[in-house]
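In the numbering used here, the protein residues as written are 1 to 136.
The beta carbon of each residue, even a glycine, is placed where N, CA and C say it ideally should be.
Report on the structure given below.
Structure follows, in structure tokens:
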């Protein structure tokens, strides 16, 4: 969790309360900033910080699962372009580290240009772009 958060210079911790069956995540938006050293409950973070923190937790939990397929749905919701790019870079690294797994990412956004910038080609990833919804 902390390793993934550090990709955006964030820090954090997880606290398990087994008695109450509760997991509490605390995140410091700027881990290197002395003024921001205290951790913050996820609900008080920006939308991008919340989404990246949640993605970091999911990726940490994936390490505990031996499933052959992994899926994410709209992991990028509320992320600005800098969080999107950092998230995709992190995901690409994980995809390359786990070639025996299949990954399914669902998003309404078009990341084909970011895929190319990251050096991901058609052999690495297949992008199925669905047509935009036409509303009447």
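Buried or exposed by the 16-neighbour rule on C-beta atoms within 10 Å, applied to residue i
i	result
residue 87	buried
residue 8	buried
residue 18	exposed
residue 21	exposed
residue 27	buried
residue 11	buried
residue 99	exposed
residue 79	buried
residue 126	exposed
residue 120	buried
residue 51	buried
residue 139	Residue 139 lies beyond the range of the chain shown here (1 to 136); nothing can be said about it.
Supposed contact pair residue j and residue i - C-beta distance, whole angstroms, cut 8 Å
i	j	result
residue 59	residue 94	7 Å
residue 76	residue 63	The pair is not a contact, with the Cβ atoms about 21 Å apart (cut-off 8 Å).
residue 148	residue 65	Residue 148 lies beyond the residue range present for the chain, which begins at 1 and ends at 136; the question has no answer from this structure.
Proximity of residue i and residue j at Cβ, strictly below 9 Å
i	j	result
residue 82	residue 48	yes
residue 69	residue 103	yes
residue 15	residue 5	no
residue 71	residue 106	yes
residue 112	residue 96	no
residue 92	residue 57	no
residue 67	residue 43	no
According to DSSP, residues forming a beta bridge with residue i
i	result
residue 104	71
residue 17	22
residue 12	27
Inset, instruction - Entirely within the stretch 21 to 72 and at least 4 residues each: give me those alpha helix (DSSP H) ranges in chain order. - result: Secondary structure in the stretch 21 to 72: the alpha helix (DSSP H) runs of 4 residues or longer, each lying completely within the stretch, are 47 to 62 in chain order.
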